[in-house]
Structures are given as structure tokens and as C-alpha cells.
Amino acid sequence: MDILSELIEAHPGRGNLDARCQWSGHWSLIHEAEAPGTVRYHVVVDGELYVEIAGQPPFVAGTGDVIMLPGGDRHTLAANAKDEGAAPPAYRLRPHPLVQWRKSDDESTAALDLFCGLIDFGEGATVLLRALPRVLHLPAGEGPCIQAARSVVALMRYEIQNPSDGSRALMGTLSQSLFTLTLRYWWRTDSHLQGIIGLLREPRLRPAAVTMLTRYMDDVTVPALADACHMSRASFIRLFEKTTQDTPAAMLTRMRMDAAAVRLSRTKENVGQIAASVGFQSDSAFIRAFEREKGQSPSAYRRQLSGND
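Residues in the sequence shown are numbered from 129 upward in steps of one, following the numbering used here.
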């Protein structure tokens, strides 16, 4: 089974390279969080870039590195660690039919050439994307995935330098290809996959994991998950708990509440709309489940995030 293709094809994405940034000097730039189901990515075409994401170790990305943020988290980019907190770069826009080409105001040679893009998988992919690491980093170097990504970036550069008929559609396809290659690299190199993604490494539980990731908003039950794995309910629960140290019901509820929390923080939808989006027919049942999982009501959670509590 080609599990990565199955997961990606469950939520077809729409990619777009939206900016080319050529910066010089001292600068720092904050990227706000993206809408649910949206991946932000950066490609260091040339130079170095300091990256900081709350709750993650900061790191430096160099020429050829690809950085994917599956959860679309707020993050800071800077010329280097010492420049964190510096003013955003002053720039002028260079006319271009495909991207916003931003170049520093000064006439010095750019120290950094950076591609910035988005891939919109839709709000239904929120749980799948949040189950991935907050940062997927494909480093420059050698290896099949890295060499393939290098070829994708080279084609992106060519299309920017030589825009023509179909270039915008091609950029979208290349963005998705870059995400898939980065995901493949992580899948092959990370030996400590945990949680719902870790279930995908257990062949007997893989059908349940795919169902939970792609249909968490539906009326998914433990007996249905057991049937998908061709196991009795008792055998399924025993193997699930042994593999994850968690119960299927608890993990499914947590996934739904995590998706709800993202929507509370990044949309203006009301509680009823959010409840329906994560599989609850009753607002009150959703509110009770959210309070058990997050320790406060959805409204209080949203107020806390907005600073109005």
C-alpha cells in the first residue's frame, strides 16, 4: 500500500508560489498563521536564513534547503539570530506575472534569495496536517528525495525567469511535488513516529489510521474502525492501546478537538459551525467534549487567544 499517496490524494491540494524575496542587510519578518488546512513553505535558493517557531528549536537553513510548515504556524524569519526583532526589510516590487518579486531597497547584492509559497489542502485536511511535525525540513545534500527536490526547485527557477503559457498551473503542481518529496524524506528518515501517524507503521492498524485521518469529521465509531482492520473489537482495542498507549475513542476525540481549536483560533465561525465541522450534531455535546479536552469552553478558549479574557 502506498500510504503517503493515499493520504495526500484524500485531500487534493492547490499550490502556489506567491513570492520571491531577495533580501540584504539586517532584517526580521513575522509570518502570521495560515488558514486551517494550509501549508506554508520556504525554499532557500541562495544564502542563509534564521527560522524561529514558538515551541521549536530555532535553526538556520542554507542554500538548497526546503522548509514546510504543515500546520501553517506563525513563524519568524531573520537574516541571522542576532537580527531577530529587527525591522522588516524595506523593499521594492519588481513587476512579474507569476509572483510578488520583492527586492531590498538598497543596491547591494542580495544575501538571500528565497521562494515563499502556500499549498491549500482544504479545512478537512487540518487533522492530517496537524498530525505531522510542525516543521518538515528537507536539507540540501545528497540522496534520492533531495536530488528530486533540487530538480523541482530548478524548474521553479526556470519558470520564474521565463514565464509562459501554463506557468501558473505548473507552479502549483511543482509546489505539491515539493511537499510530497519533503514528506517522503521525513517518512523515510524519522524512526520515532508517534500518535496517529505512528499507527501507519503498524500494518494491521493502518486502515483505522487512514480512516481517522481522512474521515474524523464523520460518524466514525470504534466498531467501524475494527471492521476496517478485519479484527474483532476487543482485539482491535488491545492492539491499538499496545501500539499507542491510548484508546481509539480518546485519540479520535483529541483529533477532533485539536481541529476545533485551530478553527477557533483562525476563523470567525460560530460554535455551531465548528461543532458540525468536527463531527458533532449537538452544540452542547461538542462544548462538553471541548471542555473535557481543553479545560475551558470554546468561547473562553477563543477569548483567551484574542487577549480579551
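Even glycine gets a Cβ: it sits at the ideal position worked out from N, Cα and C. What you are looking at is a predicted structure, and each value in this text was computed from that prediction instead of being measured.
Residue range of the unbroken alpha helix (DSSP H) whose run includes residue i
| i | result |
| --- | --- |
| M379 | P376 to R394 |
| C447 | There is no way to answer for residue 447, as the model of the chain reaches only from 129 to 437. |
| D355 | V350 to A356 |
| M196 | That residue, M196, is in no alpha helix (DSSP H); its beta strand (DSSP E) goes V194 to L197. |
| G213 | From DSSP, G213 is part of no alpha helix (DSSP H); its letter is neither H nor E. |
| L302 | S295 to T317 |
| A362 | R361 to T372 |
| G323 | G323 to L327 |
Best match in the options for proximity to residue i [C-alpha to C-alpha]
| i | options | result |
| --- | --- | --- |
| G175 | V338, E212, P225 and A239 | A239 |
| A259 | Q275, L135 and S303 | L135 |
| M385 | V255, G199, G165 and R278 | V255 |
| V406 | R430, T342, V172 and P335 | T342 |
| A277 | F249, G190 and L309 | L309 |
| G250 | S393, G143 and D211 | G143 |
| R285 | G269, V227, D234 and W315 | V227 |
| G192 | S279, P376, G245 and A378 | S279 |
| L205 | G300, C244, P225 and T339 | C244 |
| F307 | Q409, G199, L380 and S319 | G199 |
| S133 | N398, C273, R312 and T375 | R312 |
| Q184 | A404, E287 and L264 | L264 |
| S295 | I274, D146 and G141 | D146 |
| H154 | N208, W315 and F408 | N208 |
| A337 | S305, D318 and T375 | T375 |
| P335 | A356, D318, T317 and E180 | A356 |
| P225 | R148, I247, A282 and P186 | R148 |
| Q150 | L283, P216, S410 and L246 | P216 |
| D211 | P223, Y178 and D234 | Y178 |
| M379 | E421, R416, M359 and F414 | E421 |
| I324 | R316, D234, M340 and D318 | M340 |
| W229 | A182, R391, A214 and Q289 | Q289 |
| A441 | A161, G190 and T166 | Any question about residue 441 goes unanswered here, given that the chain covers just 129 to 437. |
| V399 | S427, R431, A377 and D201 | S427 |
Residue i and residue j closer than 8 Å at C-beta
| i | j | result |
| --- | --- | --- |
| L367 | R329 | no |
| S425 | F418 | yes |
| A388 | I402 | yes |
| H170 | I131 | no |
| L327 | T372 | yes |
| A218 | S232 | yes |
| V172 | L221 | no |
| H139 | A253 | yes |
| Y344 | M383 | yes |
| R361 | V348 | no |
| L433 | S393 | yes |
| W314 | P261 | yes |
For residue i, the residue or residues it bridges with in DSSP
| i | result |
| --- | --- |
| E180 | T204 |
| T342 | Paired residues: none, contrary to the question. |
| Q150 | K231 and D241 |
| L135 | BP columns for L135 are empty, so no partner. |
| S156 | A206 |
| H170 | I195 and C244 |
| L221 | R230 |
| R142 | D248 |
Endpoints, the beta strand (DSSP E) within which residue i is located
| i | result |
| --- | --- |
| A189 | F187 to G190 |
query: Which runs of the alpha helix (DSSP H) fall wholly inside the segment 399-426 and span at least 4 residues, in chain order?
result: 399-405 and 411-422
- prompt: Enumerated in chain order, which unbroken segments of the alpha helix (DSSP H) with a length of 4 residues or greater are wholly contained in the segment 236-266?
  reply: 254-259
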